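Engineer: Top line first, the protein sequences correspond to chains X and Z. My numbering applies: residue 18 is where the first sequence begins, and numbers increase by one. My numbering applies: residue 129 is where the second sequence begins, and numbers increase by one. Built from N, CA and C at the ideal position, the CB exists for glycine as well. The structure presented is a predicted model; accordingly, all values stated were derived computationally and were not measured.
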Amino acid sequence: DSGVTQTPKHLITATGQRVTLRCSPRSGDLSVYWYQQSLDQGLQFLIQYYNGEERAKGNILERFSAQQFPDLHSELNLSSLELGDSALYFCASSVGASAYEQYFGPGTRLTVT
Amino acid sequence: DAKTTQPPSMDCAEGRAANLPCNHSTISGNEYVYWYRQIHSQGPQYIIHGLKNNETNEMASLIITEDRKSSTLILPHATLRDTAVYYCIADPAGGTSYGKLTFGQGTILTVHP
Numbered sequence: 018d019s020g021v022t023q024t025p026k027h028l029i030t031a032t033g034q035r036v037t038l039r040c041s042p043r044s045g046d047l048s049v050y051w052y053q054q055s056l057d058q059g060l061q062f063l064i065q066y067y068n069g070e071e072r073a074k075g076n077i078l079e080r081f082s083a084q085q086f087p088d089l090h091s092e093l094n095l096s097s098l099e100l101g102d103s104a105l106y107f108c109a110s111s112v113g114a115s116a117y118e119q120y121f122g123p124g125t126r127l128t129v130t
Numbered sequence: 129d130a131k132t133t134q135p136p137s138m139d140c141a142e143g144r145a146a147n148l149p150c151n152h153s154t155i156s157g158n159e160y161v162y163w164y165r166q167i168h169s170q171g172p173q174y175i176i177h178g179l180k181n182n183e184t185n186e187m188a189s190l191i192i193t194e195d196r197k198s199s200t201l202i203l204p205h206a207t208l209r210d211t212a213v214y215y216c217i218a219d220p221a222g223g224t225s226y227g228k229l230t231f232g233q234g235t236i237l238t239v240h241p
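1. List in chain order: all unbroken alpha helix (DSSP H) runs of 4+ residues lying wholly within the region 61-99 of chain X.
2. Below 9 Å between beta carbons is the criterion; list the residues of the region 46-58 of chain X that meet it against any residue of chain Z, in chain order.
3. Thinking C-alpha only, which one of 78/X, 49/X, 94/X is nearest residue 72/X?
4. Within 7 Å (strictly less), CB to CB, does residue 135/Z reach chain X?
5. By Cβ distance, which residues of its chain are closer than 6 Å to residue 182/Z, with the 5 residues on each side in sequence left out?
6. Helix, strand or coil for residue 18/X, going by three-state DSSP, please let me know.
7. How about residue 132/Z and residue 152/Z: do their beta carbons lie closer than 7 Å?
8. Relative to the alpha-carbon of residue 116/X, which residue among 47/X, 22/X, 69/X has its alpha-carbon at the smallest distance?
9. Output, in sequence order along the chain, the residues in the region 100-128 of chain X whose CB is closer than 9 Å to any CB in chain C.
10. Could you tell me whether the Cβ of residue 60/X comes closer than 7 Å to any Cβ of chain Z?
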């Protein structure tokens with residue numbers, strides 16, 4: 018158990034819909050990272066927040082957005098969903114802003130039908 | 129970020145040492161070598177990292193060649209639970225990459241009874 022929690026575990030929704038994935042970092046960690054893992058693209062970095070502010074951005078689609086709240090939990094919002102958005106979405110956390118020792122949550126499996 | 133090359137798959141007998149190689153011939157002086165593993169659709173797990181000296185922790189040992197162009201992750205007594213995809217990542221600590229981890233294809237390690 019990494020100490021990072023993600024909800025929900027599974028999500029099934031239809032194309033065109035909007036969903037919100039939630040992540041609670043380990044106690045004391047200020048950074049939250051979001052990654053997407055699909056069969057064809059592998060594990061890809063989406064975005065990082067540090068203490069409420071966006072710190073780094075990867076190949077995140079414009080239909081996707083994220084935020085980190087004052088209590089440090091984070092949400093990833095995915096809108097206008099397409100079949101290709103079906104993937105595992107992982108959240109990770111770390112103490113600092115430039116930490117490569119990251120602790121990953123169990124993931125949310127999103128299925129778009 | 130330096131490109132890393134790993135064999136796509138390896139086998140190991142239970143109880144024996146598993147030696148996973150990684151080539152990072154273009155690594156620069158400020159780039160660390162990080163190892164993560166992912167056990168079947170679970171969140172990736174941090175294993176170990178190093179810059180130029182060999183490192184050991186409770187999970188594994190990391191041997192980095194003197195020219196830093198390659199490294200080997202050693203699991204001293206592999207168990208069936210070590211069956212996973214192992215990722216070698218070379219990234220600078222800090223700087224503009226912050227904590228963005230770039231995962232490649234990794235090595236699928238299968239531990240046999």
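Structural biologist: Short version:
1. none
2. 48, 50, 52, 54
3. 49/X
4. no
5. 191
6. coil
7. Result yes, Cβ atoms of residue 132/Z and residue 152/Z sit closer than 7 Å.
8. For residue 116/X, the nearest C-alpha among the options comes from 47/X.
9. In the displayed structure, chain C is absent; the protein chains listed are X and Z.
10. For residue 60/X, at least one C-beta of chain Z is nearer than 7 Å to its own C-beta.
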